[in-house]
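Colleague: Just dropping this structure here.
Okay, here's the thing in structure tokens:
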């Protein structure tokens, strides 16, 4: 490794020192900003989730099917405050939405597909009114009310699930940004060490330019 014995000129050695210093300061600034940004995002997510005042059901209040949801038992009885918890709760809501559809007599149906069924009942209600058929009107109206209520439930559930999954996604982004910030700060430390080493104990002192 003959290059280790190469003696740099004073000007070149100064440039090397300046490079280490610039890299160290740049990494320190970028790493600090990334770390602050990650913590800022996670703090906002936590505040938003806490404001919803959602608490997981206790273990003794969960059915076997609910207990099968990954993470639900571990978070039982706890307030929802993190992105990972938000994902778990979104699965919990999804299960109840499926149950609601089954209990209403429309297993497997979702908000979008219920729209077609709703339009069908509206057409039947209009036809019964036109025909002055009270029996058919009563049955069609009951069906329309049931589908409308179910569709409203699906809409509310989808909205809440979307918000929770969005919180989960942004929480992951914040975690990634925070980890990146820590890595960059470690690099900044390395650059500072190299700078001070070269400045105070360089393996070869510079020659005169």
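Numbering (my numbering), first residue to last: 1 to 209. Virtual Cβ for every residue (Gly too), placed ideally from N, Cα, C.
1. Roughly how many whole angstroms lie between the Cα atoms of residue 200 and residue 181?
2. Span of the alpha helix (DSSP H) holding residue 90?
3. Would you list, in sequence order, the uninterrupted alpha helix (DSSP H) runs of no fewer than 4 residues that lie entirely inside the region 22-68?
4. Are the CB atoms of residue 83 and residue 152 within a distance shorter than 8 Å?
5. Is residue 41 near residue 174, with beta carbons less than 8 Å apart?
6. Relative to the C-alpha of residue 24, which residue among 157, 190, 149 is closest?
7. Under three-state DSSP, which class holds residue 208?
8. Looking at residue 225: is its Cβ nearer than 8 Å to the Cβ of residue 86?
9. If you follow the alpha helix (DSSP H) that residue 112 is in, where does it begin and where does it stop?
10. So, for residue 121: in the same chain, excluding its five sequence neighbours on each side, which residues have a beta-carbon less than 7 Å away from its beta-carbon?
11. Check whether the region 124-135 touches the region 49-60, taking contact to mean three or more Cβ pairs, one atom from each stretch, closer than 8 Å.
12. Closest by CA to residue 69, which one among 45, 54, 78, 94?
Modeller: If we stick to the structure as given:
1. Within the chain shown, the letter at position 200 stands for residue 200. Within the chain shown, the letter at position 181 stands for residue 181. One C-alpha to the other measures close to 28 Å.
2. Translated into the one-based positions of the chain shown, residue 90 becomes position 90. Where residue 90 is concerned, the enclosing alpha helix (DSSP H) stretches over 83-103.
3. 64-67
4. Taking the chain shown and counting its residues from 1, the one referred to as residue 152 is at position 152. Taking the chain shown and counting its residues from 1, the one referred to as residue 83 is at position 83. Going by C-beta atoms, residue 152 is not nearer than 8 Å to residue 83.
5. Translated into positions along the chain shown, residue 41 becomes position 41. Translated into positions along the chain shown, residue 174 becomes position 174. It is a contact, given that the beta carbons lie within the stated cut-off.
6. The residue labelled residue 24 in the question sits at position 24 within the chain shown. Taking only the C-alpha atoms, the option nearest residue 24 is 190.
7. Counted from its first residue, the chain shown places residue 208 at position 208. The predicted position of residue 208 is uncertain, since its pLDDT is 48 and thus under 50; no value can be drawn from it.
8. Outside the shown range of the chain (1 to 209) lies residue 225, about which nothing can therefore be said.
9. Counted from its first residue, the chain shown places residue 112 at position 112. From DSSP, the alpha helix (DSSP H) with residue 112 extends over 111-131.
10. Indexing the chain shown from 1 puts residue 121 at position 121. When the five nearest sequence neighbours on each side are left out, the beta carbons in the same chain lying within less than 7 Å of the beta carbon of residue 121 are those of 140, 143, 144, 147, in order along the chain.
11. Segments in contact, no.
12. For the purposes of this step, residue 69 is identified with residue 69 of the chain shown, where counting begins at 1. That would be 94, whose Cα lies nearest to the Cα of residue 69.
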